Structures are given as C-alpha cells and as structure tokens.
Amino acid sequence: MHPTLRLLSKLALKGKLKKPLLLTKAKSVHPVTPARTRFAPSPTGFLHLGSLRTALYNYLLAKSTNGQFLLRLEDTDQTRLVPGAEEDIYKSLEWCGLHPDESPVVGGPYQPYRQSDRMDIYKNYADKLIEAGHAYKCYCSKDRLLSLRESAMQLKPPTTVTYDRKCLHETPQVVEEYTVRFRSPDVYELFLDLLHGNLNLQPQYNQTDRRYDDFVILKLDGLPTYHFANVVDDHLMKITHVVRGEEWLTSTPKHVALYRAFGWEPPQFIHIPLLTSLEDKKLSKRQGDIGVLSMQKLGILPEALTNFCALFGWSPPRPQKFKTSSEILTLSQLVEKFSLDHLTKGNAKVNDNKLYFFNKHHLTARIADPDTLAVLIDEYYPHFVEIAGDLYSKEFLTKAVSAVGPSLTTIYDFENIHSYLFKDVNYLDYEKPLDSIFSDVLVALQNAATEQDLFPVDRVLAEVPKTSKKEVFQATRYALSGGVPGLTIPVLIDLIGADKYFERLSAAIAFLQK
137 MHPTLRLLSK LALKGKLKKP LLLTKAKSVH PVTPARTRFA PSPTGFLHLG
187 SLRTALYNYL LAKSTNGQFL LRLEDTDQTR LVPGAEEDIY KSLEWCGLHP
237 DESPVVGGPY QPYRQSDRMD IYKNYADKLI EAGHAYKCYC SKDRLLSLRE
287 SAMQLKPPTT VTYDRKCLHE TPQVVEEYTV RFRSPDVYEL FLDLLHGNLN
337 LQPQYNQTDR RYDDFVILKL DGLPTYHFAN VVDDHLMKIT HVVRGEEWLT
387 STPKHVALYR AFGWEPPQFI HIPLLTSLED KKLSKRQGDI GVLSMQKLGI
437 LPEALTNFCA LFGWSPPRPQ KFKTSSEILT LSQLVEKFSL DHLTKGNAKV
487 NDNKLYFFNK HHLTARIADP DTLAVLIDEY YPHFVEIAGD LYSKEFLTKA
537 VSAVGPSLTT IYDFENIHSY LFKDVNYLDY EKPLDSIFSD VLVALQNAAT
587 EQDLFPVDRV LAEVPKTSKK EVFQATRYAL SGGVPGLTIP VLIDLIGADK
637 YFERLSAAIA FLQK
C-alpha cells in the first residue's frame with residue numbers, strides 16, 4: 137500500500153482525524169457506459185511487469201465496456217529515451233494481444249499520440265493559464281531554487297513545498313530562459329479514487345515561512361512536465377478513466393487543480409497497488425521485474441502472462457456464493473469477467489511459481505486444440521531444428537509434443553526433459569538401476585520382440601520367471617528414455633520407431649553388463 141494511504145488509514149483508526157480522509161468506496165464503481173482509457177508509457181526502458189499490468193487493466197476496462205484503449209507515448213524527456221524502447225513497447229503489447237484502438241502507429245481522431253509531436257498544443261494551453269492568472273513565468277536561477285530547497289529542509293516544522301512565489305508578481309521580462317509555474321490553490325480539493333474512496337492529500341506547510349506548491353508546467357527548454365502534458369492530453373483525447381500505479385496518488389491533487397483551472401471535468405481515477413517481491417519489497421529487475429519480451433524467450437505464453445498480471449490487484453468474481461472461481465483465464469475471458477468492483481487493495485506480491493503454474497495450464501490447453509497447437513509448432517520448429525537437426529519433421533514434432541503435453545510447463549521442457557525422443561540416450565546421465573534383473577529382462581525382450589509385437593510382456597515374464605510386470609516396464613523405460621516418465625511404453629516405441637527401439641535395447645544391455 138502507498139505510504140500516504142497507510143498513514144491516512146492509521147490516523148483514522150486512532151481517531152486523530154475529525155473527519156475521515158479515507159472514506160468507503162461506492163458499492164459499484166464499474167462504468168455502465170463505454171470507457172476511454174489510455175496506456176501512456178515513457179520509452180525510457182523496456183516494458184516490464186508493472187507497466188504491462190497497467191496496460192492490461194486499461195485494456196480490460198475499455199474492452200469490458202465496449203470502449204476504446206489508447207496508446208500514447210510520453211517522450212518529452214528526450215535525455216532519458218532508450219534506443220529501441222519504443223519498438224519494444226509496440227512488440228510487447230502486440231505479443232500480449234493488447235491492441236490499441238488509437239496509437240502513434242494506427243493513428244486516430246486525436247493524433248498525434250506522441251507527446252514530442254504536440255509541443256505547440258502545450259505552449260498554447262500554458263499561455264491560456266497565464267492569461268487567466270492560473271500560471272506565471274518564473275525567472276529564478278538554479279542557484280536561487282537550490283537555496284530555497286535547502287532552506288525549506290531546515291524549517292521546523294518542515295515543509296514539503298519550497299517555492300516562495302517571488303516571480304508571481306514580477307513584471308514580465310524579455311529573457312530567453314524561464315519556466316512556467318502553475319499557481320496552486322491554497323487548499324487542494326478532495327478527489328475520488330474509485331478504489332480508495334475520497335482522498336484529502338495536502339502538502340505540509342510551515343506557516344511562519346510560507347512556501348507554495350507552484351509546480352513547473354513548462355521547463356526551461358519549453359518542454360512540458362509530466363503533470364501538465366498528462367492533463368492536457370487526457371482532456372483533449374477524451375479519456376474517461378485513468379488507471380495507474382499508486383505512486384501517482386500524491387500527484388493527483390495537482391492534476392485535479394489543473395483540470396479546475398481550465399474549467400474541465402477530471403476523469404475518474406483508479407490507483408492500483410504496487411508490485412512487490414514475496415518479501416514485500418518494491419519489484420526491481422534483480423527481484424524478477426524482467427522485460428516482457430524476455431519472458432517470451434523463456435517459453436512463457438502471452439495468455440499465461442496476462443493471466444498472471446491480471447491477478448496483481450484483481451480477483452475474478454465468484455459464480456456462486458461460497459464457491460471459488462477459476463483463476464485460469466484467457467484474455468477474452470478476462471475481458472468478460474473484468475470489473476473495477478473486484479479490484480483489491482494492498483501490495484501485489486509477485487510469485488514466479490504462479491506464473492509457471494498458469495503457463496502449464498495454458499500450454500496444455502494450446503496443445504489440446506489442433507489450431508493453437510499448429511501455431512505453437514510453427515513458432516517452435518525453427519528452434520527445434522537448431523538442436524535436433526532437420527531429420528525430424530513438423531509432423532513428428534506435433535505428434536511428440538501432443539504425447540508429452542501434460543508434462544510440460546514451457547515448450548522448452550520438451551527438449552530439456554524429453555530429448556530421448558530425438559537424441560540417443562546417454563545412460564551415464566541417468567541413475568543406474570540397482571535391480572540386476574533389468575539386464576535379464578532386456579535380453580529376454582530383445583529376443584522375444586518382433587515387428588508384429590514389439591513389446592511382448594507375457595513372453596518376457598515367461599522367460600524370466602523371477603521378474604514382475606512392473607520390472608518389465610521399468611527396465612524397458614530405462615532402456616528407451618533413461619527412466620524418464622511421461623509416456624506409456626507403446627506410445628514411446630511408436631514415437632522413436634522400431635529401429636531406434638532395438639538399438640536402445642542393445643545399448644542398454646551393453647551398458648548394464650559392463
């Protein structure tokens with residue numbers, strides 16, 4: 137939970153607030169009319185789990201209400217742009233099936249959707265605020281601003297804002313360098329968060345040395361700050377709902393104040409919980425927040441990843457009272473079930489084991505469907521040829537993957553666990569059986585097997601009277617796969633073929649008799 141929310145909740149519980157700042161949210165907050173949502177990443181790095189979850193919730197909210205999902209790039213901080221990051225955003229969303237209705241690529245009625253292409257728009261709206269007295273030019277030097285920050289830190293009680301409004305009443309100067317500051321209200325108004333209720337978030341002031349929360353909206357280089365561009369774009373693009381992380385909660389009063397200064401109605405806000413590790417620490421790259429496309433290389437399916445991310449702060453509705461609902465959901469099922477009413481509070485802990493749990497289920501479902509299996513094989517086959525050579529066809533791979541499907545967590549488990557299907561068995565890699573009768577069983581099997589009856593269990597039992605049917609199966613499995621479970625013996629023989637079958641019987645006998 138965001139520290140501000142945690143503090144407000146504690147104060148309310150201790151009775152130190154005359155009026156609760158954190159009120160109960162409405163019974164139902166899911167919109168009944170089409171929602172327009174947006175995902176607005178900065179291309180300053182590759183797309184990670186936290187950003188994907190934000191994009192997913194915005195997508196689900198839009199699609200569950202027959203609305204529109206927009207992609208807007210917030211690239212005004214040119215110094216932090218990472219080469220390839222923009223393309224990574226497009227590819228990641230495409231791979232996960234989150235197709236925007238409007239974006240820098242597909243266009244739309246409110247283009248451009250890249251902030252660096254909207255500079256004239258921001259300048260125009262900043263001028264409007266200046267003309268209306270809601271903003272002013274600031275000519276303060278960096279040294280003066282630094283001095284103000286340092287002096288603010290020394291105040292007791294401390295203040296969370298630093299500027300003294302020196303330039304508010306300054307005569308406009310003809311200089312090249314200046315910023316534009318928003319003239320903040322003396323008191324920010326309460327705002328409604330559809331997850332957290334009504335919130336009253338005020339800066340902390342020192343009344344003996346009054347400072348002001350007059351934040352910059354245009355920087356020295358003329359580029360807009362996040363706060364300003366965000367509000368202008370959301371209004372002009374007719375965004376109805378803003379779904380974003382809790383870290384933006386304390387900025388929301390600023391955004392609401394900007395809306396009011398323009399005479400605009402703010403959108404609905406939903407601030408979703410932070411992603412944390414199992415130790416409740418903020419997720420970082422070292423703690424599992426790897427790039428979305430990196431997961432593709434690990435064999436994670438997009439439907440498993442969206443299923444995984446959807447449950448970071450949301451739970452599917454129960455079909456009946458006292459009955460649990462299935463957590464295994466495709467993207468279309470998520471759209472059908474998604475509702476803001478089922479968002480949850482509190483940090484969402486990321487457990488990689490759950491991701492692989494979902495992947496196993498979705499992979500099994502893909503393999504069971506001929507159409508999705510064909511797509512899976514088409515994607516995997518080039519890699520398979522690299523490790524197995526071109527001796528094996530797509531037909532063989534399809535048949536083999538279908539046979540071992542229930543044992544796979546990712547498609548790469550096929551080569552890691554079931555390599556015996558396309559490579560000779562190296563018995564040194566497997567635990568040598570302690571049962572000395574295995575050698576006798578395999579010799580008897582080799583002698584009794586024919587092309588018409590490759591696995592004559594009864595004849596082996598008659599030939600080796602001290603053995604059991606279980607030992608016949610164990611010995612045969614050892615010879616053919618090194619003892620790896622997952623397939624019945626007849627299916628295993630069918631997949632490797634009669635020639636390989638007899639070769640492996642001979643090889644296993646030779647190894648056991650050393």
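For the record, in the sequence shown the residue sitting at position 162 is 298 according to this note's numbering, with numbers rising by one throughout.
Ideal Cβ placement from N, Cα and C applies to all residues, glycine included.
Keep in mind the model is a prediction, meaning the values are calculated, not measured.
Less than 8 Å between CB atoms is the rule here; does residue i satisfy it with respect to chain D?
i    : result
L354 : The structure shown contains no chain D, having only a single protein chain.
What does the Cβ neighbour count give for residue i, buried or exposed, with the cut at 16 atoms within 10 Å?
i    : result
S642 : exposed
L282 : exposed
Q251 : buried
G449 : buried
A536 : buried
T296 : exposed
E439 : buried
K496 : buried
N562 : exposed
P293 : exposed
K390 : buried
I353 : buried
V511 : exposed
I523 : exposed
P177 : buried
K199 : buried
S572 : exposed
D350 : buried
M289 : exposed
H519 : exposed
N487 : exposed
R285 : exposed
P506 : exposed
N583 : exposed
K163 : exposed
So residue i and residue j are in contact, right, with Cβ under 8 Å, and what is the actual spacing, rounded?
i    : j    : result
L206 : T180 : Actually they do not touch by this definition, with Cβ atoms about 19 Å apart.
L470 : T442 : 7 Å
L628 : S617 : 7 Å
Y517 : G435 : With 8 Å as the limit, Y517 and G435 do not qualify as a contact, their Cβ atoms being about 14 Å apart.
Indicate the three-state DSSP secondary structure (helix, strand or coil) for residue i in the structure shown.
i    : result
G381 : strand
E415 : coil
C232 : helix
R208 : coil
N260 : helix
V315 : The question names Val, but residue 315 in the sequence shown is Thr. T315 falls in the strand class under three-state DSSP.
H184 : strand
V593 : helix
Q654 : Here the chain covers residues 137 to 650 and nothing more, so residue 654 does not appear.
Q423 : In this prediction, Q423 has a pLDDT of 48, which is less than 50 and means its spatial position is unreliable; what the coordinates show is noted afterwards. The answer is helix: DSSP assigns Q423 an H, G or I state.
P240 : coil
H270 : coil
L304 : coil
R454 : coil
P294 : coil
What residue does the beta strand (DSSP E) around residue i start on, and which one ends it?
i    : result
L544 : From DSSP, L544 is part of no beta strand (DSSP E); its letter is neither H nor E.
T173 : 172 to 175
E343 : One point to set straight first is that residue 343 is Gln, not Glu, in the sequence displayed. No beta strand (DSSP E) holds Q343; DSSP gives it neither H nor E.
N495 : Per DSSP, N495 belongs to no beta strand (DSSP E); it is in the alpha helix (DSSP H), 488 to 504.
H407 : 404 to 408
D329 : 327 to 329
V352 : 352 to 354
Can you give me the Cβ contacts of residue i inside the same chain, cut-off strictly under 6 Å, excluding the 5 residues immediately before and after it?
i    : result
H270 : R319, A397
L331 : I406, L479
G186 : L411
D237 : Q204, F205
H657 : Here the chain has residues from 137 to 650 only, and residue 657 is not among them.
For the alpha helix (DSSP H) that contains residue i, what are its first and last residues?
i    : result
C445 : 438 to 446
K636 : 634 to 648
L470 : 467 to 473
A584 : 573 to 584
P588 : In the sequence as displayed, the identity of residue 588 is Gln instead of Pro. No alpha helix (DSSP H) holds Q588; DSSP gives it neither H nor E.
N334 : Unbroken run through N334 is the beta strand (DSSP E), 333 to 335; no alpha helix (DSSP H).
V428 : 428 to 433
V561 : That residue, V561, is in no alpha helix (DSSP H); it is neither H nor E in DSSP.
Leaving aside the five residues before and after residue i along the sequence, list all residues of the same chain whose C-beta is less than 8 Å from its C-beta, in chain order.
i    : result
V218 : P179, T180, G181, F182
G233 : P438, E439, T442, L467
G244 : L206, D237, E238
S538 : I503, L509
Enumerate in chain order the residues of its own chain whose CB-to-CB distance from residue i is below 7 Å, with the five nearest sequence positions on each side excluded.
i    : result
Y528 : F558
T160 : Any reading at T160 is ruled out, since the residue's pLDDT is 47, under 50, leaving its predicted position unreliable.
L590 : I629, A634, Y637
Q309 : Y275
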